[in-house]
Each structure stands twice: as structure tokens, then as C-alpha cells.
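Here the sequence shown is numbered in the working numbering, starting from 3 and rising by one per residue.
Structure, as C-alpha cells:
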Amino acid sequence: MNNKQKAITLAFTGASGAPYGLRLLECLIAADYQVFLLISSAARVVLATEHGLKLSANPESAKQALVEHLKCDANKLIVCGKDDWFSPVASGSAAPKQMVVCPCSAGSVAAIAHGMSDNLIERAADVVMKERGQLLLVVRETPFSTLHLENMHKLSQMGVTIMPAAPGFYHQPKSIEDLIDFMVARILDHLGVEQGLVPRWGYDHRG
Ligand SMILES: Cc1cc2nc3c(=O)[nH]c(=O)nc-3n(C[C@H](O)[C@H](O)[C@H](O)COP(=O)(O)O)c2cc1C
Numbered sequence: 003m004n005n006k007q008k009a010i011t012l013a014f015t016g017a018s019g020a021p022y023g024l025r026l027l028e029c030l031i032a033a034d035y036q037v038f039l040l041i042s043s044a045a046r047v048v049l050a051t052e053h054g055l056k057l058s059a060n061p062e063s064a065k066q067a068l069v070e071h072l073k074c075d076a077n078k079l080i081v082c083g084k085d086d087w088f089s090p091v092a093s094g095s096a097a098p099k100q101m102v103v104c105p106c107s108a109g110s111v112a113a114i115a116h117g118m119s120d121n122l123i124e125r126a127a128d129v130v131m132k133e134r135g136q137l138l139l140v141v142r143e144t145p146f147s148t149l150h151l152e153n154m155h156k157l158s159q160m161g162v163t164i165m166p167a168a169p170g171f172y173h174q175p176k177s178i179e180d181l182i183d184f185m186v187a188r189i190l191d192h193l194g195v196e197q198g199l200v201p202r203w204g205y206d207h208r209g
């Protein structure tokens with residue numbers, strides 16, 4: 003990775019909503035980002051359940067399967083193992099300044115809110131926070147418990163963006179893909195990545 007290359011850390015955790023993560027990955031690579039992808043064990047279960055995509059725990063095999071599935075540029079994707087403490091994302095001296103956890107489980111919210119750093123996802127999030135970078139959590143659970151809300155409140159006060167996986171319907175979605183794109187478009191907007199997935203409010207809704 004050179005200094006001019008756009009880089010981002012993306013984590014899939016075990017909340018429902020695997021298709022959001024996959025679509026986001028596809029869009030980031032298409033936007034020429036170098037993506038450091040972290041996948042929790044529970045995320046692999048959810049990916050298989052919701053998308054029929056079975057990923058190996060081996061980072062290289064998982065990368066190969068994802069590249070084939072998304073038909074994306076292999077050079078843009080680095081899949082990191084959950085204990086890969088030598089990955090650039092594990093250190094403030096090398097980690098990308100932006101990170102998205104999508105989908106983000108309530109468990110990962112709790113771990114991140116308490117600085118657990120017990121696996122590479124938690125450590126990478128901790129690094130982005132300590133370096134005052136941009137961290138987005140696309141949280142999915144319903145209903146939220148008081149504990150979930152307290153954890154999200156704490157993180158929000160620290161500058162973390164809490165983005166519930168809650169697509170709107172005002173763009174008149176016709177398919178599940180339209181709902182997925184709604185969420186992914188909002189995430190890309192926050193990251194400052196140009197996107198044309200969904201018409202913008204106030205531009206295409208005035209009839
Ligand atoms: C199919 C499936 C769907 C799940 N959906 C959610 C969910 O929407 N939100 C959530 O917080 N946990 C959900 N879970 C539970 C988490 O996967 C579990 O708490 C796990 O420990 C999270 O670990 P991680 O954050 O390290 O991925 C789901 C689990 C499975 C197998």
C-alpha cells in the first residue's frame with residue numbers, strides 16, 4: 003500500500019445483514035479502495051445462512067472465494083485472520099483512518115465500547131478510535147436493550163457513527179437489492195465515497 007492509495011478497514015460480524023457487508027465490499031473495491039477485510043467466526047455462519055456463501059476460516063481461501071463471488075479485483079482485497087496481530091490494521095502507525103463494521107452485532111458493539119481488543123476486529127476499531135479516525139458501526143438488533151443503547155450512546159459520544167441497519171422506503175424499493183443499496187449508499191456518503199446507488203433526497207422526488 004502506498005501513501006496515495008485509498009484504504010479502509012471493513013469488518014463483517016455476526017449480526018444479520020450479511021448482504022449489506024458484501025455489497026459494501028463490492029462498492030469500495032469498485033471505488034478503487036484497498037480493503038482490509040476482517041470476518042468474525044459468527045459472520046461466517048451468518049454469511050452461509052443468509053447468502054449461501056461458505057467462507058473458510060483461512061484468510062487466503064476466504065479471499066479467493068470472495069473474489070470469485072464478487073468478480074472483483076483481487077489486488078484490492080486483503081483478508082486478515084482474527085489473530086493476525088501483525089496486520090497493518092492492528093497498529094496506529096499503519097492502519098487506514100476509516101473503518102466500517104457492517105453488519106455489526108450487539109456483541110461487537112459491547113466489545114468495542116469497552117476497548118476489549120480481544121480479536122483483530124476489536125483491536126482495529128480501538129486503533130481507529132485512538133487515532134481519531136472515522137469509525138462507522140452498522141448495528142443490527144431488534145429490539146435494543148438498555149445495555150445496547152448505553153453502549154451505542156457511549157460510542158456516539160466518542161465520535162463513532164452509529165448507523166442502524168434500517169433502510170428507508172421513500173425511494174420506493176422494488177427489490178431486496180434496492181433496500182440493501184439504500185443502506186450502502188448512506189454508508190458510502192458518510193465515508194465520502196461517490197455513489198449513484200440511490201436517488202438523492204430532494205433531487206429526484208419532486209415529481
Ligand atoms: C443467523 C444469525 C443471525 C444473527 N443475528 C444477529 C443480529 O441481528 N444481531 C446481533 O447482535 N447478533 C446476532 N446474532 C448473534 C451473534 O452472531 C453472536 O452474538 C456472536 O457472538 C457475535 O459475535 P461477533 O460480534 O464476534 O461476530 C446472529 C447469529 C446468527 C447465527
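The C-beta atom is built at its ideal place from N, Cα and C for all residues, glycine as well.
Where does residue i land, buried or exposed, given buried means 16+ other C-beta within 10 angstroms?
| i | result |
| --- | --- |
| T51 | exposed |
| I2 | With the chain covering only 3 through 209, there is no way to say anything about residue 2. |
| N77 | exposed |
| G209 | In this predicted model, G209 has a pLDDT of only 48, less than 50, meaning its place in the structure is not dependable; the value taken from the coordinates is given anyway. So G209 counts as exposed. |
| Y22 | buried |
| P201 | exposed |
| Y35 | buried |
| S147 | exposed |
| F38 | buried |
| R25 | buried |
| S42 | buried |
| H173 | buried |
| L89 | Reading the sequence as shown, one finds Ser at residue 89 and not Leu. Result: buried. |
Would you say residue i and residue j are within 9 Å of each other, going by their C-beta atoms?
| i | j | result |
| --- | --- | --- |
| P105 | T15 | yes |
| A97 | A126 | yes |
| V91 | E62 | no |
| G161 | K132 | no |
| L68 | L57 | yes |
| K84 | V130 | no |
| A44 | G109 | yes |
| A122 | T163 | It should be noted that the sequence gives Leu, not Ala, for residue 122. Cβ atoms of L122 and T163: not closer than 9 Å. |
| V103 | L139 | yes |
| I31 | L79 | yes |
Please name the residue or residues paired with residue i in a DSSP beta bridge.
| i | result |
| --- | --- |
| V103 | A13, L139 |
| C82 | L40 |
| T163 | L138 |
Kindly list the residues whose CB is nearer than 7 Å to the CB of residue i, restricted to its own chain and excluding five residues on each side of it in sequence; keep chain order.
| i | result |
| --- | --- |
| E119 | One point to set straight first is that residue 119 is Ser, not Glu, in the sequence displayed. These residues qualify, in order along the chain: R125, D128. |
| G170 | F184 |
| I182 | P21, Y22, R25 |
Using C-beta distances below 8 Å, list every residue in its chain close to residue i, excluding the 5 sequence neighbours before and after it, in chain order.
| i | result |
| --- | --- |
| C29 | V186, L190, V195, Q197, L199 |
| K8 | A33, D34, Y35, Q36 |
Which same chain residues end up closer than 6 Å to residue i when comparing Cβ atoms and leaving out the 5 residues on each side of it in sequence?
| i | result |
| --- | --- |
| A33 | V195 |
| G19 | P105, R142, A167 |
| R46 | L57 |
| G117 | D128 |
| V48 | G16, A20 |
**Q.** Residues near ligand 1, criterion Cβ-heavy atom distance below 6 Å
**A.** Matched residues: T15, G16, A17, S18, S42, A44, A45, V47, V48, T51, S107, A108, G109, S110, R142, E143.
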